[in-house]
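Residues in the sequence shown are numbered from 106 upward in steps of one, following this note's numbering.
Just so you know, even glycine gets a beta-carbon here, dropped at the ideal spot from N, CA and C.
Beneath this line is the structure, given in structure tokens, with notes to follow.
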Amino acid sequence: MPSNTLTSEAPDSVGTLIDGRAIAAQIQHELAGRITALIERGIVPGLAFVRVGEDPASKVYVGRKEKACAELGIFSQTHVLPEQTQESDLLVLLERLNADSRVHGILVQAPLPKQIRESIVYSTVSPKKDVDGFHPVNVGKLMLADPTGFQPCTPAGVRELLVRSQVKIGGAEVVILGRGNIVGKPMAAMLCQKDKNANATVTICHSATRDLAAHCRRADILIAAMGVAEFVKADMVKPGATVIDVGVNRVNDPAAKSGSRLVGDVDFASVRPVAGKITPNPGGVGPMTIAMLMSNTVRAAEMAA
Ligand code: GUN
Numbered sequence: 106m107p108s109n110t111l112t113s114e115a116p117d118s119v120g121t122l123i124d125g126r127a128i129a130a131q132i133q134h135e136l137a138g139r140i141t142a143l144i145e146r147g148i149v150p151g152l153a154f155v156r157v158g159e160d161p162a163s164k165v166y167v168g169r170k171e172k173a174c175a176e177l178g179i180f181s182q183t184h185v186l187p188e189q190t191q192e193s194d195l196l197v198l199l200e201r202l203n204a205d206s207r208v209h210g211i212l213v214q215a216p217l218p219k220q221i222r223e224s225i226v227y228s229t230v231s232p233k234k235d236v237d238g239f240h241p242v243n244v245g246k247l248m249l250a251d252p253t254g255f256q257p258c259t260p261a262g263v264r265e266l267l268v269r270s271q272v273k274i275g276g277a278e279v280v281i282l283g284r285g286n287i288v289g290k291p292m293a294a295m296l297c298q299k300d301k302n303a304n305a306t307v308t309i310c311h312s313a314t315r316d317l318a319a320h321c322r323r324a325d326i327l328i329a330a331m332g333v334a335e336f337v338k339a340d341m342v343k344p345g346a347t348v349i350d351v352g353v354n355r356v357n358d359p360a361a362k363s364g365s366r367l368v369g370d371v372d373f374a375s376v377r378p379v380a381g382k383i384t385p386n387p388g389g390v391g392p393m394t395i396a397m398l399m400s401n402t403v404r405a406a407e408m409a410a
């Protein structure tokens, strides 16, 4: 048999899929007992969604979160405000929800229209109801490793995916692409804590990073959250690394009925053969964000009880 055939020299390897849907379902199953216990005490966990304007992606995301609430027996209400809403009117609504004892969690879906300052909005939600983990008190508690705070759902979901997929985080080289407040920065804070399921060496890369690919190739765990379609290619990944794709990017696709389709920040087809473990997209991080929101809401209800 000739020795230069593909079959003899390159065994077919593919990264194991990290099934976010299955892990999210497991987390939601674990929450069901806690929800029943609350209901037996006369407390129905409640979550209020606030959406401003008609951003199509936000509609889809809030719709999925409402569905998860309904499936778990969490009471939810959605407030939809017009695109032109003034900041002060949104703040009035938030103060009303802060004072409403049926509402244990409040989520204001980003992005917000430009006349509304996100920082003011997220500071107005009571830290006790801030199931998004965006209030400065909760951001501070994350930095201080104070477990009484709420942690942002997407990075918390990524950490759960790693832990439940038996990816070793302690001592690992973690490279995060993206320094946003929703994912990159809190993700780094979570994984570098001196704690069980953390204790990693964390690098955050961003648009000013020199030789970004070299940083990526050092990573045992590569987390892509910078919002550039299919940016991570096979030659940027260390063989056997764990690759987590947080990206959601809409790209033109004349072959699609709608003329476009969603892709992640990772070029999945080329990266999978190099990776040890990899999240599909969709079906990786997305369902975990929702599961962690449900988890934060149940905890907010338990704390209020
Ligand atoms: N927009 C994108 N991700 C998020 C999130 O985690 N929470 C909120 N409120 N808005 C978002």
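Item, Value
"Would you call the stretch 242-253 in contact with the stretch 307-322, where contact means no fewer than 3 C-beta pairs closer than 8 Å?", "no"
"Could you check how far apart the C-beta atoms of residue 263 and residue 221 are, in whole angstroms? I think they sit under 8 Å.", "With 8 Å as the limit, residue 263 and residue 221 do not qualify as a contact, their Cβ atoms being about 28 Å apart."
"Nearest by alpha-carbon distance to residue 238: which of 141, 338, 191, 401 is it?", "401"
"For the stretch 242-308, list the beta strand (DSSP E) runs that are entirely contained and at least 3 residues long, ordered along the chain.", "278-282"
"Within 10 angstroms of its Cβ, does residue 202 collect 16 or more other Cβ (buried), or is it exposed?", "buried"
"Which one or two residues does DSSP pair with residue 184 in a beta bridge?", "155"
"By a C-beta neighbour count over all protein chains shown, 10 Å radius and 16 as the cutoff for buried, is residue 359 buried or exposed?", "exposed"
"Scan the stretch 175-226 and note each continuous alpha helix (DSSP H) run of 4 residues or more that stays entirely inside, going in chain order.", "192-203"
"On a Cα-Cα basis, can you pick out the residue from 189, 350, 340 that is closest to residue 331?", "350"
"Helix or strand or just coil, what does DSSP make of residue 314?", "coil"
"Could you check how far apart the C-beta atoms of residue 123 and residue 363 are, in whole angstroms? I think they sit under 8 Å.", "That pair is no contact at about 28 Å."
"Measuring CA to CA, which of 240, 395, 273 is closest to residue 132?", "395"
"Would you kindly work out how many angstroms separate the C-alpha atoms of residue 112 and residue 403, rounded to a whole number?", "Confidence in residue 112 is poor, its pLDDT being 44 and thus under 50, which makes the residue's placement unreliable; the coordinate value appears in the next sentence. Rounded to the nearest angstrom, the two C-alpha atoms are 52 Å apart."
"Run through the stretch 352-404 for me and flag every whole alpha helix (DSSP H) of 4 or more residues, listed as ranges in chain order.", "373-376"
"Would you identify the three-state DSSP class for residue 350, choosing helix, strand or coil?", "strand"
"Indicate whether residue 326 and residue 371 have their beta-carbon atoms separated by less than 8 Å.", "no"
"Can you name, in chain order, every residue of its own chain whose Cβ lies under 8 Å from the Cβ of residue 139, other than the five neighbours on each side?", "403, 407"
"Using a Cβ-Cβ cutoff of less than 7 Å, which residues in the same chain neighbour residue 260 once the five nearest sequence positions on both sides are dropped?", "288, 291, 292, 295"
"Within the stretch 120-155, note down every full alpha helix (DSSP H) run reaching 4 residues or more, in order along the chain.", "125-145"
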